[in-house]
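As you go down the protein sequences, you meet chains A and B in turn.
Just so we're aligned, residue 26 is where the first sequence starts under the numbering used here, counting upward by one.
Just so we're aligned, residue 26 is where the second sequence starts under the numbering used here, counting upward by one.
There are 2 protein chains.
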Amino acid sequence: MKLKEFAKQLGLSPTTVSRALSGYPEVSEKTRKRVAEEAVRLGYRPNVNAVRLVTGRAGAIGVVMGRSGEFQFSEYMSGMAERLDSEDIDILVSPIAEQGGKDESQLYSRLATSGRVDAVIIHSPMPDDKRIALLHRLGMPFLVHGRSETDVPHAWLDIDNEGAIRRATSHLLDLGHRRIAMINGRAGLTFSLHRDKGYRKALEQRGIPFDPRLVAHGHFTDELGFRFARSFLEQSPRPTAFVAGSMMTALGVYRAVRSFGLVVGRDISVIAHDDVFPYLTADNMVPSLSTTRSSLRAAGARSADLVLQLLSGRPATEIHELWPVELILRESTGPLPQASE
Amino acid sequence: MKLKEFAKQLGLSPTTVSRALSGYPEVSEKTRKRVAEEAVRLGYRPNVNAVRLVTGRAGAIGVVMGRSGEFQFSEYMSGMAERLDSEDIDILVSPIAEQGGKDESQLYSRLATSGRVDAVIIHSPMPDDKRIALLHRLGMPFLVHGRSETDVPHAWLDIDNEGAIRRATSHLLDLGHRRIAMINGRAGLTFSLHRDKGYRKALEQRGIPFDPRLVAHGHFTDELGFRFARSFLEQSPRPTAFVAGSMMTALGVYRAVRSFGLVVGRDISVIAHDDVFPYLTADNMVPSLSTTRSSLRAAGARSADLVLQLLSGRPATEIHELWPVELILRESTGPLPQASE
DNA sequence: GCGGTCGTCCAAATCGTTTTAAATTTCCCA
DNA sequence: TGGGAAATTTAAAACGATTTGGACGACCGC
Numbered sequence: 026m027k028l029k030e031f032a033k034q035l036g037l038s039p040t041t042v043s044r045a046l047s048g049y050p051e052v053s054e055k056t057r058k059r060v061a062e063e064a065v066r067l068g069y070r071p072n073v074n075a076v077r078l079v080t081g082r083a084g085a086i087g088v089v090m091g092r093s094g095e096f097q098f099s100e101y102m103s104g105m106a107e108r109l110d111s112e113d114i115d116i117l118v119s120p121i122a123e124q125g126g127k128d129e130s131q132l133y134s135r136l137a138t139s140g141r142v143d144a145v146i147i148h149s150p151m152p153d154d155k156r157i158a159l160l161h162r163l164g165m166p167f168l169v170h171g172r173s174e175t176d177v178p179h180a181w182l183d184i185d186n187e188g189a190i191r192r193a194t195s196h197l198l199d200l201g202h203r204r205i206a207m208i209n210g211r212a213g214l215t216f217s218l219h220r221d222k223g224y225r226k227a228l229e230q231r232g233i234p235f236d237p238r239l240v241a242h243g244h245f246t247d248e249l250g251f252r253f254a255r256s257f258l259e260q261s262p263r264p265t266a267f268v269a270g271s272m273m274t275a276l277g278v279y280r281a282v283r284s285f286g287l288v289v290g291r292d293i294s295v296i297a298h299d300d301v302f303p304y305l306t307a308d309n310m311v312p313s314l315s316t317t318r319s320s321l322r323a324a325g326a327r328s329a330d331l332v333l334q335l336l337s338g339r340p341a342t343e344i345h346e347l348w349p350v351e352l353i354l355r356e357s358t359g360p361l362p363q364a365s366e
Numbered sequence: 026m027k028l029k030e031f032a033k034q035l036g037l038s039p040t041t042v043s044r045a046l047s048g049y050p051e052v053s054e055k056t057r058k059r060v061a062e063e064a065v066r067l068g069y070r071p072n073v074n075a076v077r078l079v080t081g082r083a084g085a086i087g088v089v090m091g092r093s094g095e096f097q098f099s100e101y102m103s104g105m106a107e108r109l110d111s112e113d114i115d116i117l118v119s120p121i122a123e124q125g126g127k128d129e130s131q132l133y134s135r136l137a138t139s140g141r142v143d144a145v146i147i148h149s150p151m152p153d154d155k156r157i158a159l160l161h162r163l164g165m166p167f168l169v170h171g172r173s174e175t176d177v178p179h180a181w182l183d184i185d186n187e188g189a190i191r192r193a194t195s196h197l198l199d200l201g202h203r204r205i206a207m208i209n210g211r212a213g214l215t216f217s218l219h220r221d222k223g224y225r226k227a228l229e230q231r232g233i234p235f236d237p238r239l240v241a242h243g244h245f246t247d248e249l250g251f252r253f254a255r256s257f258l259e260q261s262p263r264p265t266a267f268v269a270g271s272m273m274t275a276l277g278v279y280r281a282v283r284s285f286g287l288v289v290g291r292d293i294s295v296i297a298h299d300d301v302f303p304y305l306t307a308d309n310m311v312p313s314l315s316t317t318r319s320s321l322r323a324a325g326a327r328s329a330d331l332v333l334q335l336l337s338g339r340p341a342t343e344i345h346e347l348w349p350v351e352l353i354l355r356e357s358t359g360p361l362p363q364a365s366e
């Protein structure tokens, strides 16, 4: 069913019908209502591609997915989808062609010039992320999920990684721990740097020297959690507490601790960052895991919302949101055991 | 840069340029080459929306994402993305409006009539899935990831869930286990039924009666894995082996076993299905987890491939792929302990 | 009853391509 | 050298909507 045909059935011109459906004021309330009703009855829906061509809008938001298929991804997308459900806007997922390098910027260029999307969301930025400058230069609206230190104006939404890790570390210090190991995210990413900063600040406040041998960087996988934790535990004196970057990391840490015949929550304290997944919950771990918590799904929903604001004209420089992170104490954290002192 | 402008710069007509770029035979090799080179040099790319309007093709494949944001999702999508990287085809993610019910079919209708996608992939089908009949009726090409028993012709790609679980169960029986519990997927879904069938067949072959108290259904979460496993272990006599539906489920099972003071691989054997995630590997669990294994990423890549075949005219009735599943034995499975007999 | 305003509605241009149908050029052979 | 087939190229008509610039009455005040 095309507009022309539909209009004829109504005895109206295509113009009027189009306006009625788009909510323009030049059409009487009576006919608007009639048009709306008939559209439903006859099942008329404007052809998306025609609308896109003529308006120049793509009706889609692009999300670039890393090669490694992070487990966090679907949770964030669920959130976005939740928010975009009511709008007539799609989510477009683009794979990254090659890790880092030139191909990545090519992907963004193509995304921008092809007119496939109206805006892009980028993840895991670095302090001087080249993508940000690129997208700005291309004139493509974008939101950064995370933060960067570039001068290029850009909208962003981030959680307070520094504060979260600072509080987590401080809490462990309060409990008497002095050798606290941290398994951080990939080196060079802003959030990893922020977490590092939070960790150091907490130590600094107590006048405890920073020991680089207690910090590791890498993907959030159970394997790295396990390996790093083991290598930390082999040190002497060994750490008595861990700050783990993710739930998966924490799984590895738990295993590593057990493999040394130690008990989490008694011999070794663990705090991890939790993005709140329906399929893996900190409460259910044994012992239950203390976490710094922030809903990734909520971040996804809000991201979609902010992109919509961006598209409707709100200046990117106004869009900066820093979310606080909760610290949830459970059984995996406890006072420094006497013997270890 | 528009086609008209670009053509003028080349001293050719838009028609010729369009044909040269689309690889039609009516243009001489010499000009084709020149056009291609200049297109790169001047950065001309056809406007996607104009192409879509005139060709009627959307240039996108739709994937419907469940509300619950399954952790498997991004791995499958990564696979799809991998395959579609070379094509000029997008992946469109649609959230499901409401769980089940009427809204779901509305979503598919809209997806089909709006011209947003050329094909759709549906997941976790049921034996008489309404979506299949609906999409068929709407004339929208689609691929079912999983299987169904409907008469409606449809393309599908599935793994041999029945065979996998049958082999897993048989292996446990070989080891002497007699009370084997199974934590299956959500009730009513085809793959759950297939797994159930595989489980029963294995028992039947040994003449062991099926005990419904040893089977549970639900989402693949660590929480359900833990709860179900605990409730099974409370039975008397308790099961000596578990078949777990997913890696997350297995995590819960491991915890439950430990919470009873039992040891996986010695007191209790566990086999789980593994979709092969980079962030959670069976090899790294302690003890390492025996699995039925099938790469979800590969399935995603192949799905994209099959959809492309579908779109280029291959009949849906020809597209049926059943993938075998590997059985990988590791430390979590062992002979029935003497004391338990 | 006339000119102006307002509220509705419409004809036609437009978006940037692909593709049909026709026009041109090239080429080969009688 | 001319005729016709084959190889190139082109002009113009789609595709299905939005939107610009008017047109047509109805209504009001003077």
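No residue lacks a Cβ here, since even glycine has one placed at the ideal position from N, Cα and C.
In this text the structure is predicted, and so the values were computed from the model without any measurement.
Residues of its chain near H161 of chain A, where Cβ-Cβ distance is below 6 Å and the 5 sequence neighbours each way are ignored: For the purposes of this step, residue 161 of chain A is identified with residue 136 of the first sequence, where counting begins at 1. V177.
Three-state secondary structure (DSSP) of T138 of chain A: On the first sequence, residue 138 of chain A is found 113 positions in, with the first residue counted as 1. Correct three-state label for T138 of chain A: helix.
Anticipated Cβ contact below 8 Å, R191 of chain A with K226 of chain A, distance rounded: By one-based count along the first sequence, residue 191 of chain A stands at place 166. By one-based count along the first sequence, residue 226 of chain A stands at place 201. 5 Å between Cβ atoms; contact.
Whole-angstrom C-beta distance between I293 of chain B and A323 of chain B, which should lie under 8 Å: Taking the second sequence and counting its residues from 1, the one referred to as residue 323 of chain B is at position 298. Taking the second sequence and counting its residues from 1, the one referred to as residue 293 of chain B is at position 268. Not quite, the Cβ-Cβ distance comes to about 31 Å (not below 8 Å), so this is no contact.
The region 328-342 of chain A contacting the region 139-150 of chain A, beta-carbon criterion three pairs below 8 Å: yes
Environment of V169 of chain A [buried if 16+ CB atoms lie within 10 Å]: Mapped onto the first sequence, residue 169 of chain A falls at position 144. By the 10 Å Cβ count, V169 of chain A comes out buried.
Bridge partners - I293 of chain A, DSSP secondary structure assignment: Counted from its first residue, the first sequence places residue 293 of chain A at position 268. Bridge partners of I293 of chain A: A:V289.
Partner residues on chain B for T306 of chain A, Cβ-Cβ distance less than 9 Å: Indexing the first sequence from 1 puts residue 306 of chain A at position 281. The answer, in chain order, is T246, D247 and E248.
Alpha-carbon to alpha-carbon, R211 of chain B and H219 of chain B: Along the second sequence, read from residue 1 onward, the residue named residue 219 of chain B stands at position 194. Along the second sequence, read from residue 1 onward, the residue named residue 211 of chain B stands at position 186. H219 of chain B and R211 of chain B: Cα-Cα distance of roughly 12 Å.
Cβ of V52 of chain B within 7 Å of any chain A Cβ: Here residue 52 of chain B is taken as the residue at index 27 of the second sequence, counted from 1. Taking Cβ atoms only, chain A never reaches closer than 7 Å to V52 of chain B, which makes this a no.
Segments assigned beta strand (DSSP E), at least 3 residues, entirely inside the region 293-356 of chain A: 294-299, 315-318, 345-348 and 351-353
Coil, strand or helix - D110 of chain A by DSSP: Your numbering for residue 110 of chain A matches position 85 in the first sequence. If DSSP states are grouped into helix, strand and coil, D110 of chain A belongs with coil.
Rounded separation between S261 of chain B and A269 of chain A - CA only: Here residue 261 of chain B refers to the residue found at position 236 when the second sequence is read from its first residue. Here residue 269 of chain A refers to the residue found at position 244 when the first sequence is read from its first residue. Going by the C-alpha atoms only, they are around 39 Å apart.
Helix, strand or coil at N72 of chain A [DSSP, three-state]: For the purposes of this step, residue 72 of chain A is taken as the residue at position 47 of the first sequence. Correct three-state label for N72 of chain A: coil.
DSSP-derived helix/strand/coil call for G126 of chain A: What you label residue 126 of chain A is simply residue 101 of the first sequence in a count that begins at 1. Any reading at G126 of chain A needs caution, since the residue's pLDDT is 49, under 50, leaving its predicted position unreliable; the model's value is listed next. Reduced to three states, the DSSP call for G126 of chain A is helix.
Classification of L67 of chain A by the beta-carbon crowding that lies within 10 angstroms, buried from 16 upward: Working through the first sequence from its first residue, we reach residue 67 of chain A at position 42. L67 of chain A should be labelled exposed.
Neighbour list for G140 of chain B in chain A, Cβ cutoff strictly below 7 Å: Along the second sequence, one-based indexing puts residue 140 of chain B at 115. Residues of chain A passing the Cβ test: N72, V73 and N74.
DSSP bridge partner residues for L118 of chain B (one or two, in chain order): The residue labelled residue 118 of chain B in the question sits at position 93 within the second sequence. Sequence check: residue 118 of chain B is Val here, not Leu. Beta-bridge pairing links V118 of chain B to A:I116 and B:V88.
Between the CA atoms of V79 of chain A and L371 of chain A - distance to the nearest angstrom: There is no way to answer for residue 371 of chain A, as the model of chain A reaches only from 26 to 366.
8 Å contact criterion, which P166 of chain A and I157 of chain A should meet: CB distance rounded: The residue you call residue 166 of chain A lines up with position 141 of the first sequence. The residue you call residue 157 of chain A lines up with position 132 of the first sequence. No, P166 of chain A and I157 of chain A are not in contact; Cβ-Cβ is about 12 Å, not under 8 Å.
Interface partners of P367 of chain A on chain B, CB under 7 Å: This structure cannot speak to residue 367 of chain A, because chain A is shown only from 26 to 366.
Contact with chain B by L78 of chain A, beta-carbon distance below 7 Å: Sequence index remark: in the first sequence, residue 78 of chain A carries index 53 (1-based). Cβ-Cβ to chain B under 7 Å: yes for L78 of chain A.
Coarse secondary structure for L267 of chain B, derived from DSSP in three states: Reading the second sequence from its first residue, position 242 is the one you call residue 267 of chain B. The residue you asked about is not Leu; residue 267 of chain B is Phe in the sequence shown. DSSP places F267 of chain B in strand when its eight states are reduced to three.
Status (buried if at least 16 other CB within 10 Å, exposed otherwise) for G126 of chain A: Residue mapping note: residue 126 of chain A aligns to position 101 of the first sequence, counting from 1. Low confidence applies here, because G126 of chain A scores a pLDDT of 49, under 50, leaving its location unreliable and the question unanswered by this model.
Short Cβ contact (7 Å threshold) for S139 of chain A with R77 of chain B: The residue given as residue 139 of chain A occupies position 114 in the first sequence. The residue given as residue 77 of chain B occupies position 52 in the second sequence. Contact: no.
Reduced DSSP secondary structure (H/G/I, E/B, other) of M26 of chain A: Looking up residue 26 of chain A in the first sequence gives position 1. Residue state, collapsed to three classes: coil.
Members of the region 281-314 of chain B near chain A, C-beta cut-off 8 Å: R283, S284, F302, P303, Y304, L305, T306, N309, M310 and V311
Inter-residue CB distance, D299 of chain B and R318 of chain B (contact presumed, cutoff 8 Å): As a working mapping, residue 299 of chain B is identified with position 274 in the second sequence. As a working mapping, residue 318 of chain B is identified with position 293 in the second sequence. Yes, they are in contact, since the Cβ atoms of D299 of chain B and R318 of chain B sit about 5 Å apart, within 8 Å.
Cβ distance (whole Å) where V278 of chain B is taken to contact A254 of chain B below 8 Å: Your numbering for residue 278 of chain B matches position 253 in the second sequence. Your numbering for residue 254 of chain B matches position 229 in the second sequence. That pair is a contact at about 4 Å.
Coil, strand or helix - D199 of chain A by DSSP: Here residue 199 of chain A is taken as the residue at index 174 of the first sequence, counted from 1. Helix.
Status (buried if at least 16 other CB within 10 Å, exposed otherwise) for F235 of chain B: By one-based count along the second sequence, residue 235 of chain B stands at place 210. With fewer than 16 other Cβ atoms within 10 Å, it is exposed.
Contacts that V118 of chain A makes with chain B (C-beta to C-beta distance below 7 Å): Counting from one through the first sequence, the residue named residue 118 of chain A turns up at place 93. Chain B residues near V118 of chain A: M102, A106, I116 and V118.
Simplified DSSP state of L168 of chain A, which is helix, strand or coil: Locating residue 168 of chain A in the first sequence gives position 143, where the first residue counts as 1. Correct three-state label for L168 of chain A: strand.
F235 of chain A at chain B interface by Cβ criterion, 7 Å: Here residue 235 of chain A corresponds to residue number 210 of the first sequence, with the count starting at 1. Answer no: the Cβ-Cβ gap between F235 of chain A and chain B never drops below 7 Å.
Cβ-Cβ distance between T274 of chain B and G290 of chain B below 7 Å: Taking the second sequence and counting its residues from 1, the one referred to as residue 274 of chain B is at position 249. Taking the second sequence and counting its residues from 1, the one referred to as residue 290 of chain B is at position 265. Result no, Cβ atoms of T274 of chain B and G290 of chain B do not sit closer than 7 Å.
Proximity test, Cβ basis, 7 Å: M273 of chain B and chain A: Here residue 273 of chain B refers to the residue found at position 248 of the second sequence. True, the Cβ-Cβ gap to chain A drops below 7 Å.
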